[in-house]
Amino acid sequence: MAATTARAGARMTQQLAMPLPGNGQGADEATIEDAVIRIPQGEGSAVPFEVCLALCSSLSGRPVSAMSISADLPREDDVLAASAYARAAERADLRLSAVDAADAGAAVRQGDSLIVPRGAGFAVIRKLAKGVHLLTPRAGAPVAHEPLDEAMLAAAIAQGGWAVQPDYLAHAPGTDLALQPDRYGWLRRTVASQWRTYAHVALASLIANVLVMLASFYSMQVYDRVVPNNAFETLWALSVGVTLIYLFDLVLRIARAFMIDYAGKRIDLEVSSRLFQQVTGLRMAQRPASAGSFANHLNEFEAVRDFFTSLTLSAVIDLPFVFIYLVAIAFMGGVPVALVPVLAIVVMLGVTLLLQNPIDRAVKASMQASAQKHGMLIEVLAGIEAIKLSASEGVFQGTWERAVKKIAMASMHSKLLSTIGVSLVGFVQSIAGVAIIVVGVYGVAEQHLTMGGLIACSILASRAVAPIGQLASMLSRWKQTRQSMTTLDQIFRRPVERPAGKSFVVRDALEATVEFNGVSFSYTGAPAPALRNVSIAVKPGERVAVIGRSGSGKSTLAKLITGLYEPGEGSVLVGGVDTRQLDPHQLRRSIAAVAQDPFLFNGTIRDNIAHGTSTADEAQLLEAAKAAGVDDFVRTHPMGYDMPVGERGALLSGGQRQAVVLARALIGEGRILLLDEPSSSLDFAAENSLRARLSQRPAGETLILITHRMTMLDLVDRVIVMHAGQVLADGPRDAVMKKLSQPS
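Heads up, the sequence shown is in the working numbering, so the first residue is 5 and it goes up one at a time.
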């Protein structure tokens, strides 16, 4: 029951797209009643969170579909995950903040929208012209609004909710951050969001360092007062006090380590989520040449995460206290004694900085070689069958060993330099300790310094130079971290399909039309254009075949229709709207597309058919499976639709993979059926079966069939012939085929 409700609620999110007039301040009941939210769902369905966000956005005069809000965000039990609420609000140019009951009431009274739990879903509370109302989107009907008195409002907000405010800066002039991304902004903003945690870390460090300074006076008091006077009572009192200080210091250091780890975990979750979202949202034109090398670049975030969660980061926090220690040493032992740790710090910093450039070059070489090795590994694993058939294992083995050798040499070089740096710093620290004793003894002899003061200065000097020693180690790690940050920053700077701040055209549903107007297109790095001045118009319900030789541009047409690529010249219209103005998610949900190379994900047949949709129930899944021919081979298998397909569908035949991919396309609500070589892996009998099924598709559905098989042309009434990226012929099937059969 819960799963059915979740699927029903998810389906509701697809078409909340009607704009509500006004800016929200003057909205009234009549305004809301005039806006019918066309939701293909029965009464009583739970209203999803993203639907309420879409309603809030419309109330602010910025209509956006719930589908656009929730696209590519994580889901749990077929509903939007609570962890993604804030990101969903950003999509709608809204600011979201969780509030308790008291703050919820204040938010409503000052005019903010408030999303509150209601039943299994959510509703919106809003102050309108005639008082506070509870707004609930309904299926195929106006938004329901219920007046709330004070008692009803208190009951509605008893559990708290989410205050929603429009982000007026999102589209303000001069704030186009999407076109000019902030360098390292993806990390800087995330780290800045943890400022409270790092402030607590700094406070803990302050207290811990003050306690350590107090503990150093313990030694001075013992040697100067307790030992000469045999004051054992004073000894025990001081010892108990310093023990308590060290215990408190222990607790503070553990707490500091925990807080650093906590902040690192939050940074990890936030950046990892945004990184994966960035990768899946990249434009196809920005797709890397080597998937393996690109995957290795994504792993570079591990170095960034480790840096911000390592205890060496505490060395940076301890740096300001170095000067306090030096002042304390000068106060107790005089300037000559204080000069010893100062000189030691200068030498340690000099050694560290001197080695940074060689270490930087070695780290870059190691990371570059590692990326190449990882790319080769992924390629070999994907093409292991071809390698075996061509008996080329030795070629790849040699390439692999050369890559490993290059990485090992670069890694050894960088580690050697790091070891030299750390060892030299440690040596300077030891010599500094000796020098403190030597200079201090002269001070004791001249009665400028007591024995206890000498011991205290020695302790403080070791504390003063310790952060510098850790800093040397941290700077070595920082080189790798900075290189990783640069690599990741390049990924975050790549153009995505849904850039922040861009508003897409909102449509309830797209008409099943496709139009190319003077379209030319070239793939990046290709020597010749894939399409040249192509103009095509496909009407609703038409059945069109696109034929031509390999490389003539047939599949490129499909990629432009689905918005995977943008035309270099001209325009591609789907439903009368330029595809560049449509949300890619809505565009692709409106098209039932099957790519030329069927791809299955590791899992079951059921998983792969339902992949990408959270609205389909069991009946729809079975209907799509039967229409695609999946049921023909599944019903005889003991595991049924739970049978595994293996990685990339390796456990299925080519024809079975195509059938599953076709079922995945048919389970959606697309009114345009776009098939690219759907029968390329089918035998004659399977192709006849596929033709029979496709011929029974609804009459109002538009079919665009890309094929080499002349037998598939029985399904269409119109044929378009492509040659060298241009339309060679376009017209009724029989006339075009007759023209092609005539000798040139």
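C-beta atoms are modelled at their ideal positions from N, C-alpha and C, and glycine is treated no differently.
None of the values given here were measured: they were computed from a predicted structure.
Let me know the secondary structure DSSP gives LEU732 once reduced to three states. Stepping through the sequence shown from its first residue, residue 732 is reached at position 728. Strand.
So, ILE161 versus ALA212, is the Cβ gap smaller than 7 Å? Position 157 of the sequence shown, counting from 1, holds the residue named residue 161. Position 208 of the sequence shown, counting from 1, holds the residue named residue 212. In this structure, ALA212 does not lie closer than 7 Å to ILE161 by Cβ.
Between which residues of its own chain and GLN663 is the CB-CB distance below 6 Å, once the five residues before and five after are set aside? Mapped onto the sequence shown, residue 663 falls at position 659. Contrary to the premise, residue 663 reads as Ala rather than Gln in this sequence. The answer, listed in chain order, is ALA632, GLY633 and VAL634.
Hey, how far is the Cα of LEU242 from the Cα of LEU256? Within the sequence shown, numbered from 1, the residue matching residue 242 stands at position 238. Within the sequence shown, numbered from 1, the residue matching residue 256 stands at position 252. Between LEU242 and LEU256, the C-alpha separation is close to 21 Å.
For ILE258, which option in GLU304, VAL205 and ASN303 has the closest C-alpha, if you only look at C-alpha atoms? Along the sequence shown, read from residue 1 onward, the residue named residue 258 stands at position 254. Minimum Cα distance to ILE258 is reached at VAL205.
According to DSSP, simplified to helix, strand and coil, what is TRP240? As a first step, residue 240 must be located in the sequence shown, where it is residue number 236. In this structure, TRP240 counts as helix in the three-state DSSP scheme.
Status (buried if at least 16 other CB within 10 Å, exposed otherwise) for HIS137: To locate residue 137, count along the sequence shown from 1; it is residue 133. Classification for HIS137: buried.
Rounded separation between PRO67 and ARG553 - CA only: For the purposes of this step, residue 67 is taken as residue 63 along the sequence shown, with counting starting at 1. For the purposes of this step, residue 553 is taken as residue 549 along the sequence shown, with counting starting at 1. Answer to the nearest angstrom: the Cα atoms are 44 Å apart.
Since SER488 contacts VAL725 with CB under 8 Å, what's their CB separation in whole angstroms? The residue labelled residue 488 in the question sits at position 484 within the sequence shown. The residue labelled residue 725 in the question sits at position 721 within the sequence shown. The pair is not a contact, with the Cβ atoms about 51 Å apart (cut-off 8 Å).
Nearest-angstrom Cα separation, counted from SER64 out to SER87: The count along the sequence shown starts at 1 and reaches residue 87 at position 83. The count along the sequence shown starts at 1 and reaches residue 64 at position 60. Approximately 24 Å, taken between the alpha carbons.
Identify every residue that forms a DSSP beta bridge with GLN169. The count along the sequence shown starts at 1 and reaches residue 169 at position 165. DSSP lists ARG99 as partners of GLN169.
Expressed to the nearest angstrom, what Euclidean distance is found between the alpha-carbon atoms of THR491 and ASP601? As a first step, residue 491 must be located in the sequence shown, where it is residue number 487. As a first step, residue 601 must be located in the sequence shown, where it is residue number 597. C-alpha separation (whole angstroms): 31 Å.
Where does the unbroken beta strand (DSSP E) through PHE137 begin, and where does it stop? Numbered from 1 along the sequence shown, position 133 holds the residue referred to as residue 137. First, the residue type needs correcting, since residue 137 is His and not Phe in the sequence shown. Residues 135 to 142.
Same chain, Cβ closer than 6 Å to LEU323, neighbours up to 5 away in sequence not counted: Reading the sequence shown from its first residue, position 319 is the one you call residue 323. For LEU323, where only same-chain residues beyond five positions count, the Cβ hits under 6 Å are PRO471.
Taking C-alpha atoms, which residue in SER745, LEU458 and GLY115 lies nearest to PHE221? Residue numbering aside, residue 221 sits at position 217 when the sequence shown is read from its first letter. When only C-alpha atoms are compared, the closest one is LEU458.
On the DSSP bridge assignment, give the partners of THR608 in chain order. Translated into positions along the sequence shown, residue 608 becomes position 604. Answer is PRO648.
How should ALA623 be labelled, buried or exposed, when 16 other C-beta atoms within 10 angstroms of its C-beta is the threshold for buried? Within the sequence shown, residue 623 is the residue found at index 619, counting from 1. ALA623 comes out exposed.
Could you check where the beta strand (DSSP E) with ASN521 kicks off and where it finishes? In the sequence shown, counting from the first residue as 1, residue 521 sits at position 517. Here the beta strand (DSSP E) through ASN521 covers 518 to 525.
Find out if the Cβ-Cβ distance for the pair GLN720, ALA549 is shorter than 7 Å. Position 716 of the sequence shown holds residue 720. Position 545 of the sequence shown holds residue 549. Looking at the sequence provided, one finds Val at residue 720 rather than Gln. It is a contact, given that the beta carbons lie within the stated cut-off.
Within 10 angstroms of its Cβ, does PHE496 collect 16 or more other Cβ (buried), or is it exposed? If you number the sequence shown from 1, residue 496 lands on position 492. Buried, by the Cβ-count rule.
Keeping to the same chain, check which residues put their C-beta closer than 8 Å to that of ALA158; ignore five residues upstream and five downstream. What you label residue 158 is simply residue 154 of the sequence shown in a count that begins at 1. Only ALA105 and GLY109 meet the Cβ criterion.
Could you check which residue in VAL438, ASN234, PRO648 and ALA235 has the C-alpha nearest to that of ILE609? The count along the sequence shown starts at 1 and reaches residue 609 at position 605. Taking only the C-alpha atoms, the option nearest ILE609 is PRO648.
May I ask which residues mark the beginning and end of the alpha helix (DSSP H) holding ARG406? For the purposes of this step, residue 406 is taken as the residue at position 402 of the sequence shown. Note, ARG406: alpha helix (DSSP H), 397 to 449.
What is the rounded straight-line gap between the Cα of GLY165 and the Cα of PHE126? In the sequence shown, the residue the question calls residue 165 occupies position 161. In the sequence shown, the residue the question calls residue 126 occupies position 122. Near 10 Å, if we compare the C-alpha coordinates of PHE126 and GLY165.
Would you decide whether SER61 is buried or exposed? Buried here means 16 or more other CB atoms lie within 10 Å of its CB. Reading the sequence shown from its first residue, position 57 is the one you call residue 61. Buried: at least 16 other Cβ atoms inside 10 Å.
For ALA562 and ASP680, believed in contact at Cβ under 8 Å, the rounded distance: Counting from 1 along the sequence shown, the entry for residue 680 is found at position 676. Counting from 1 along the sequence shown, the entry for residue 562 is found at position 558. The Cβ separation is near 5 Å, so the contact holds.
From this set, ARG668, PHE605 and GLY659, which residue's C-alpha is nearest LEU625's C-alpha? Your numbering for residue 625 matches position 621 in the sequence shown. The residue with the shortest Cα to Cα distance from LEU625 is ARG668.
Count the CB pairs spanning the stretch 338 to 348 and the stretch 436 to 447 that are closer than 8 Å, and state whether there are at least three. yes
If I measure Cβ to Cβ from ASP32 and keep anything under 8 Å in the same chain, skipping five residues before and after, which residues do I get? Here residue 32 refers to the residue found at position 28 when the sequence shown is read from its first residue. The predicted model places ASP32 with a pLDDT of 48, which falls under 50 and marks its position as unreliable; any figure quoted below should be read in that light. So the qualifying residues of the chain are LEU132, ALA133 and LYS134.
For the alpha helix (DSSP H) holding HIS204, just list the boundary residues, first then last. Along the sequence shown, one-based indexing puts residue 204 at 200. Unbroken alpha helix (DSSP H) run through HIS204: 199 to 225.
Which two residues bound the contiguous beta strand (DSSP E) that contains ARG122? Position 118 of the sequence shown, counted from the first residue, corresponds to residue 122. Run containing ARG122: 117 to 122, per the beta strand (DSSP E) assignment.
Using the C-alpha atoms, what's the distance from GLU54 back to VAL120? Sequence index remark: in the sequence shown, residue 120 carries index 116 (1-based). Sequence index remark: in the sequence shown, residue 54 carries index 50 (1-based). Spanning the two alpha carbons is a distance of roughly 12 Å.
Got a sec, what are the start and stop residues for the alpha helix (DSSP H) ARG365 sits in? For the purposes of this step, residue 365 is identified with residue 361 of the sequence shown, where counting begins at 1. Where ARG365 is concerned, the enclosing alpha helix (DSSP H) stretches over 339 to 386.
For PHE508, the three-state DSSP class (helix, strand or coil): For the purposes of this step, residue 508 is taken as residue 504 along the sequence shown, with counting starting at 1. Correct three-state label for PHE508: coil.
Cutoff 8 Å; reference LEU744; Cβ partners in own chain excluding five residues on either side: Position 740 of the sequence shown, counted from the start, is the residue given in the question as residue 744. Once the five neighbours on either side are set aside, the close Cβ partners of LEU744 are VAL725 and ALA733.
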